[in-house]
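What follows is a set of notes on a single structure, which appears directly below.
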Amino acid sequence: MSDIKEACGVIGIYNNDNWNLPKDLYYGLFALQHRGQESCGMAVSNKGVVKHHKDMGLVNEVFSSDMIDSMQGNIGIGHCRYSTTGNSEKANAQPLVMQSVSGTLSIAHNGNLVDSVELKQKLMKEQGAIFHTAIDSEIMAYLIAKEGVHYPHLEDSVRRATEQVNGSFALLVMCPTKLVGMRDPLGIKPLCLGMKGKSYILASESCAIDAIGGTFVRDIDPGELVVIDKDGLRSFPKKEEKRAPRPCIFEYIYFARPDSIMDGQSIYLSRQMAGRILAQRYPVDADVVIAVPDSGIDAAIGYSQESGIPYGVGLIKNRYIGRTFIQPVQVQREEAVRIKLNALKHTVDGKRVVLVDDSMVRGTTSASIIKMLKKAGAKEVHMRISAPTFVWPCFYGIDLPEKKQLTACNHTIEEIRQLLDADSLGFFKIEDLVRILPDCRFQTYCDACFSGDYPTPVTVKED
45 MSDIKEACGV
55 IGIYNNDNWN
65 LPKDLYYGLF
75 ALQHRGQESC
85 GMAVSNKGVV
95 KHHKDMGLVN
105 EVFSSDMIDS
115 MQGNIGIGHC
125 RYSTTGNSEK
135 ANAQPLVMQS
145 VSGTLSIAHN
155 GNLVDSVELK
165 QKLMKEQGAI
175 FHTAIDSEIM
185 AYLIAKEGVH
195 YPHLEDSVRR
205 ATEQVNGSFA
215 LLVMCPTKLV
225 GMRDPLGIKP
235 LCLGMKGKSY
245 ILASESCAID
255 AIGGTFVRDI
265 DPGELVVIDK
275 DGLRSFPKKE
285 EKRAPRPCIF
295 EYIYFARPDS
305 IMDGQSIYLS
315 RQMAGRILAQ
325 RYPVDADVVI
335 AVPDSGIDAA
345 IGYSQESGIP
355 YGVGLIKNRY
365 IGRTFIQPVQ
375 VQREEAVRIK
385 LNALKHTVDG
395 KRVVLVDDSM
405 VRGTTSASII
415 KMLKKAGAKE
425 VHMRISAPTF
435 VWPCFYGIDL
445 PEKKQLTACN
455 HTIEEIRQLL
465 DADSLGFFKI
475 EDLVRILPDC
485 RFQTYCDACF
495 SGDYPTPVTV
505 KED
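The opening residue of the sequence shown carries number 45 in my numbering; numbering runs sequentially from there.
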């Protein structure tokens, strides 16, 4: 149960089959809800007229049946958000919809621009730009609109705009007659393509394509731009790029849904493999392996399979509460942990327990869970984490802004073990990360939050 947040999830549909497009956008956003639970929205183009709706809350809270029925059209994009740049408020919800020389533009963006503050100041000072939100996605929108003055084709203005930014993005841009999707040049953020009949789907994850009855076709390549209009789909590969792709490794460890496939790799199998590797690295005599639900389950199963220690359900989750990391304030996060989980005494009482979780940031969640398990009668609790230690901030969409908040920056592994009151503690090794991607078409990835090896220029502030 991580104290970390993903930026967003996006989905876009070009409907050539006259089925209920907003309903499928709605179901697609449901499938991507794990990527952002603060706000959501959708924009739909009906014969050139764009209608949009967005608000704070979960997908089922923001959209009523009547609202969905009122948003009919043939092109649409949807977005669910957690704030990384910009506060959690309605003004910062997406899609962004604005008027430009090219007509109405609607934009949904997953990712983070590294230099958003400096770039925004530069655009305001040098070009008189006006911004109405605090999100970096509006910078992207402004650049696209500005380039549209000189490049009338939307795909050209999108390409020109993205060449001016440093960071990560899976970007969907809709004008009245076409849908454009683009993945950042290093492929840090995921984006994939699907079909449903003769209609096209772009989404952050393949699980969203499955949810609406579509068929996964392929991942969008790093730096690739695709245009979908009445003539079909056209692909524009990335311009010459000497750097190797660097997809975010944490998608495989935590962010993505287990039933998704990214760049050829099953997310579930990646996590199961991580658990097997943990069992090889950190064997222990124990009676039961349990997971922190839901994010630790796949790795816990792998640990059990490799070690031969039975897997059991030791923690019961209140499923009517969102992920603990989705609370922006630490106090709220700690309160959520207390009411979200309860130990299953039957499983852990008198047992030596292996507790598997996907990652650890502050350690407060893990400490609370270990205390809970021991109160329920666990004789020993051996903590296993299926990610390396976080020691560097992320600039590409994980909300890890300050090194001083990262437990591993301030304590040794032994000190962390003592703080947790764990009987033993093992973190995944950085050198083992490549082993969880046996089927991935890329064997290079962004692990900067673990290693400090950033794929683009950044400035790390010393605390």
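The C-beta atom is built at its ideal place from N, Cα and C for all residues, glycine as well. Just so we're clear, the structure is a prediction, and the values are computed from it rather than from any experiment.
Query: Do you know how far the Cα of His455 is from the Cα of Lys419?; Result: 26 Å
Query: Quick one: grab the DSSP three-state call for Val209.; Result: coil
Query: According to DSSP, what are the bridge partners of Gly257?; Result: The partner list for Gly257 (beta bridge, DSSP) is empty, contrary to what the question assumes.
Query: What span of residues does the alpha helix (DSSP H) with Tyr347 cover, start to end?; Result: 341-351
Query: Tell me the DSSP bridge mates of Thr500?; Result: Paired residue(s): none; Thr500 is not in a bridge.
Query: Starting from the Cα of Lys415, find the closest Cα among Phe434, Pro437, Met218, Asn386 and give me that residue.; Result: Asn386
Query: According to DSSP, is His390 part of a helix, a strand, or is it coil?; Result: helix
Query: What do you get for Gly352, buried or exposed, if any count of 16 or more other CB atoms within 10 angstroms of its CB means buried?; Result: exposed
Query: Comparing alpha-carbon positions, which option in Gly211, Asn210, Ile188, Gln208 lies nearest Asp200?; Result: Ile188
Query: From Thr488, Ser468, Leu469, pick the residue whose C-alpha is nearest to that of Glu475; which is it?; Result: Thr488
Query: Nearest CA to the CA of Gln77: which residue from Met100, Leu65, Asn60, Val88?; Result: Met100
Query: Count Cβ pairs between the segment 56-64 and the segment 243-250 that sit closer than 8 Å; are there 3 or more?; Result: yes
Query: Using only alpha-carbon positions, find the residue among Val217, Arg428, Ala466 that is nearest to Ser412.; Result: Ala466
Query: With a threshold of 16 other CB atoms inside 10 Å of the CB of Lys44, please say whether the residue is buried or exposed.; Result: Absent from the model: residue 44. The displayed extent of the chain is 45 to 507, so no value can be given.
Query: Starting from the Cα of Tyr440, find the closest Cα among Val193, Gly85, Phe74, Pro229 and give me that residue.; Result: Pro229
Query: Quick check on Met404: does DSSP put it in helix, strand or coil?; Result: coil
Query: Would you mind giving the Cβ-Cβ distance between Asp522 and Ile293, rounded to the nearest angstrom? I have them listed as a contact below 8 Å.; Result: What the structure shows of the chain is the stretch from 45 to 507, and residue 522 is not part of that stretch, so it cannot be assessed.
Query: Run the CB neighbour count on Thr368, radius 10 Å, all protein chains shown included, and call it buried at 16 or more, exposed below.; Result: Residue confidence for Thr368 is low, a pLDDT of 47 falling below 50, so the modelled location carries little weight; the figure read from the coordinates is stated next. Buried.
Query: So, helix, strand or coil for Ser89, using DSSP?; Result: strand
Query: Measuring CA to CA, which of Phe472, Tyr71, Val93, Gln81 is closest to Gly117?; Result: Val93
Query: Since Val271 is in the beta strand (DSSP E), which residue starts that stretch and which ends it?; Result: 269-273
Query: Residues in its own chain within less than 6 Å of Gly192 by CB, not counting five upstream and five downstream?; Result: Ser144, Val145, Ser146, Ser201
Query: Starting from the C-beta of Glu170, find all residues in its chain whose C-beta is less than 6 Å away, skip the five residues before and the five after it, and write them out in chain order.; Result: none
Query: Give, in chain order, every unbroken run of the beta strand (DSSP E) that is at least 3 residues long and sits entirely within the segment 107-175.; Result: 119-125, 140-144, 147-157
Query: Report buried or exposed for Tyr70, applying the criterion of at least 16 other Cβ atoms within 10 angstroms of its Cβ.; Result: buried
Query: Any idea what DSSP makes of His197, helix, strand or coil?; Result: coil
Query: Can the beta-carbon of Val270 be found less than 8 Å from the beta-carbon of Leu237?; Result: yes
Query: By how many angstroms is the C-alpha of Val425 removed from the C-alpha of Lys98?; Result: 44 Å
Query: Roughly how many angstroms lie between the CA atoms of Ser348 and Phe494, to the nearest whole one?; Result: 26 Å
Query: Measure the alpha-carbon distance for Thr409 versus Val381 and round it to whole angstroms.; Result: 7 Å
Query: Assuming Ile297 and Gln316 make a contact with CB atoms under 8 Å, what is their CB distance in whole Å?; Result: With a Cβ gap of about 12 Å, Ile297 and Gln316 do not count as contacting.
Query: Straight-line CA distance for Asp265 to Ser279?; Result: 10 Å
Query: Assign Pro437 to one of two classes, buried (16 or more other C-beta atoms within 10 Å of its C-beta) or exposed (fewer than that).; Result: buried
Query: Would you identify the three-state DSSP class for Gln81, choosing helix, strand or coil?; Result: coil
Query: Could you tell me which of Lys240, Val400, Asp483 sits nearest to Ile429, measuring between CA atoms?; Result: Val400
Query: The beta strand (DSSP E) spanning Ile57 covers which residue range?; Result: 52-58
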